[in-house]
Structure formats: structure tokens, C-alpha cells
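In this note's numbering, the protein residues as written are 221 to 450.
All C-beta atoms, glycine included, are put in the ideal place defined by N, C-alpha and C.
So the structure is just underneath, and the comments pick up after that.
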């Protein structure tokens with residue numbers, strides 16, 4: 221658990237640090253008055269890293285020592301086409317959980333007690349990706365560890381899921397759109413969440429609740445499109 225906490229913390233510092241440097245180069249001055257906010261974001265995020273590391277460590281121990289999970293290492297354990305399907309199942313399941321818990325946390329009582337910490341980032345920065353109150357961090361920390369007991373996945377594809385989770389968590393909070401306009405406004409882009417979509421959530425609060433995909437926002441009528449300010 222200590223090892224996984226360290227890994228999660230280092231992964232956060234590396235990913236957020238890289239995209240924060242990119243922001244400094246592309247949008248000079250964007251962080252110029254946000255020093256105290258960024259320090260708070262880093263503090264909350266490192267606390268979240270410990271919360272994420274505990275279940276991750278338990279899963280790693282259960283997998284390696286007891287074979288409790290459905291993580292596999294041999295490429296031929298499942299058909300090759302399933303290699304591509306498993307990450308999509310994980311991302312969609314995670315996105316579903318995130319949408320509904322996120323929407324719940326925007327109810328006034330839940331917002332004040334849990335989610336206000338995250339929305340204290342005005343504007344959000346790359347350092348805000350894991351800036352959560354401990355109770356909110358707990359809701360996010362259990363999803364992937366729970367899924368490995370239910371949905372089979374190759375260890376390399378699990379790594380891919382964690383990579384996507386990290387990169388999208390950071391880039392969605394950068395406050396500006398780093399992906400090409402041709403992608404963001406394409407048919408594919410209209411179903412994916414990037415910074416310009418999530419920025420609108422931080423501006424208006426009552427919309428755009430998703431994490432990876434716009435599916436649930438569209439189904440539930442909470443998709444208000446892209447922010448003109450990102």
C-alpha cells in the first residue's frame with residue numbers, strides 16, 4: 221500500500237507537472253496569480269494519492285499473492301479482440317460511476333461537505349486533477365480496484381486504462397484546449413470529453429458531469445457543449 225501510494229503520488233506529480241509546464245509555454249501568465257491555489261491543489265492531491273494507493277495496494281497484493289482478481293498476463297488467455305474491448309468496458313463503467321456520483325455531489329449538502337474542495341480551483345489547473353476532499357477521493361479510488369474482480373483484463377491493458385485515466389484527468393483541467401479543433405469538433409470528438417467540455421462544468425456547475433465520454437450527459441440532458449473560454 222505504501223508502494224502504490226508512492227506510485228500514485230509520483231504519477232500525479234509527473235503528469236500534472238508536464239502539462240503545467242506546457243501551459244506555461246502555451247499560455248504564459250495563466251498561472252501567474254494562482255500560486256496559493258496551486259499549492260492547495262497539490263496538497264489535496266497528495267492526500268488523495270494515499271487514499272487511491274490503499275485499495276490499489278490491496279488489489280496488487282491479492283492478485284500477486286492469492287490470484288483473487290481477474291487480471292491475467294498470458295496474451296492467449298482471452299481472444300485477442302478482447303484486449304481492445306476490456307479497456308473500453310473499464311472506461312465506460314468508470315465513466316458511468318463517475319457521472320452519477322459526480323452529479324450526486326452537486327446536491328447542496330453533498331457539495332458543501334465534499335465537492336467544494338475541487339471547485340475551489342477557479343480556474344482549474346493541471347494540478348487540480350486529484351484535488352479532492354478525502355470523501356470524494358474515496359468514491360473515485362474504489363472503482364478500478366472493484367472492476368478487476370469482475371471484468372477480466374490483461375495487465376498491459378489495465379496499464380492503458382490507468383494511463384488514459386491520468387492523462388484525461390489532467391488535460392481536462394488545464395483550462396485551455398490542447399487537442400486540435402478538427403478532433404474536438406469531429407464526430408468522434410462530439411462523444412469525448414476534453415478541456416473545453418469540462419471547463420464549462422467548472423463555469424456553470426450544473427452541466428457536463430462526465431469523465432471520459434459525453435454519453436450520460438447526452439442521455440440525461442446535462443450536456444451544454446463546449447466552453448468558449450477554453
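Under a 10 Å Cβ-count criterion, residue 376 is classified as exposed, with fewer than 16 other Cβ atoms of the shown protein chains found around its own Cβ. Counting every other CB atom within 10 Å of its CB across the protein chains shown gives residue 285 a total below 16, marking it as exposed. In terms of Cα proximity to residue 243, the closest of 322, 312, 345, 431 is 345. Here DSSP, grouped into helix, strand and coil, assigns residue 251 to coil.
DSSP, reduced to helix, strand and coil, places residue 371 outside both helices and strands of the structure shown, so it counts as coil.
Here residue 412 carries a strand assignment [DSSP, helix/strand/coil]. When the alpha-carbon of residue 270 is set against those of 283, 221, 250, the nearest one is in 221. Counting C-beta pairs closer than 8 Å gives three or more between the stretch 338-355 and the stretch 418-434, which meets the contact rule.
Going by DSSP, residue 243 is part of the alpha helix (DSSP H) stretching over 222-246. Here the C-alpha atom of residue 251 lies approximately 21 Å from the C-alpha atom of residue 336. Under the three-state reduction of DSSP, residue 399 is assigned to coil, being neither helix nor strand. Distance between residue 298 and residue 379, taken at the CA atoms: about 17 Å.
Relative to the Cα of residue 433, the nearest Cα in the group 422, 245, 439, 413 belongs to 413.
A residue is called buried when at least 16 other Cβ atoms come within 10 angstroms of its Cβ; residue 425 does not meet this threshold and is exposed.
Under DSSP, the beta-bridge partners assigned to residue 433 are 412. With respect to residue 392, residue 431 sits close: the two C-beta atoms are nearer than 9 Å.
Taking the CA atoms as reference points, residue 328 sits about 34 Å from residue 307.
Under a 10 Å Cβ-count criterion, residue 294 is classified as exposed, with fewer than 16 other Cβ atoms of the shown protein chains found around its own Cβ. When the beta-carbon positions are compared, residue 429 and residue 318 come within less than 9 Å of each other. Around the beta carbon of residue 241, fewer than 16 other beta carbons sit within 10 angstroms, so the residue counts as exposed. Residue state for residue 425 is assigned as coil, using DSSP reduced to three classes.
Looking at the DSSP output, residue 292 bridges to 374.
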